[in-house]
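Notes follow the structure.
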Amino acid sequence: MRQDVNIEDSDDGVGVIWDLSSIKEEEFEKHVVYIVPDLPSPQDCPNKAETSLPRNLVLKPSQALSDVLGVWSTSYIPRGTRFGPLVGEVYAKDAVPNTANRKYFWR
């Protein structure tokens, strides 16, 4: 995963490097140019991750990990596009329960 990214500062037009390991959600909000919402799906849907994906995203086998699905785009995603919301439990690295299935973690 890329750890830093160039984002143009909208205040003065100067390019800045953001450290993605420390940037706050509110800072991303300042630079979003297009929001792609999840598709609606029933609350009790057993496959909500797949049914709520926007139309230009699909689940396909990962090229990096065997027996894991990855999210793939079927079309170009412009810089500044935001997807979401990402729904799930948030754990600190040292506070992951032993019962958590790490196969489905977002890192």
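Counting from 1, position 76 in the sequence shown corresponds to residue 76 in UniProt numbering; the numbering is continuous, with no gaps.
Positions of the beta carbon are idealized from the N, C-alpha and C atoms, including for glycine.
Are the Cβ atoms of residue i and residue j separated by less than 8 Å?
i   : j   : result
L69 : L59 : yes
T74 : V36 : no
S41 : K30 : no
Starting from the Cα of residue i, find the closest Cα among the options and give me that residue.
i   : options            : result
D38 : F83, S22, P78, P46 : F83
Y34 : I77, P61, E26      : I77
Any idea if residue i is buried or exposed, counting beta-carbon neighbours within 10 angstroms, 16 or more meaning buried?
i   : result
L86 : exposed
L57 : buried
Taking the straight line between their C-alpha atoms, what separation do you get for residue i and residue j?
i    : j   : result
W72  : P46 : 21 Å
S66  : V96 : 23 Å
Q63  : E26 : 32 Å
R79  : F28 : 12 Å
N101 : D19 : 28 Å
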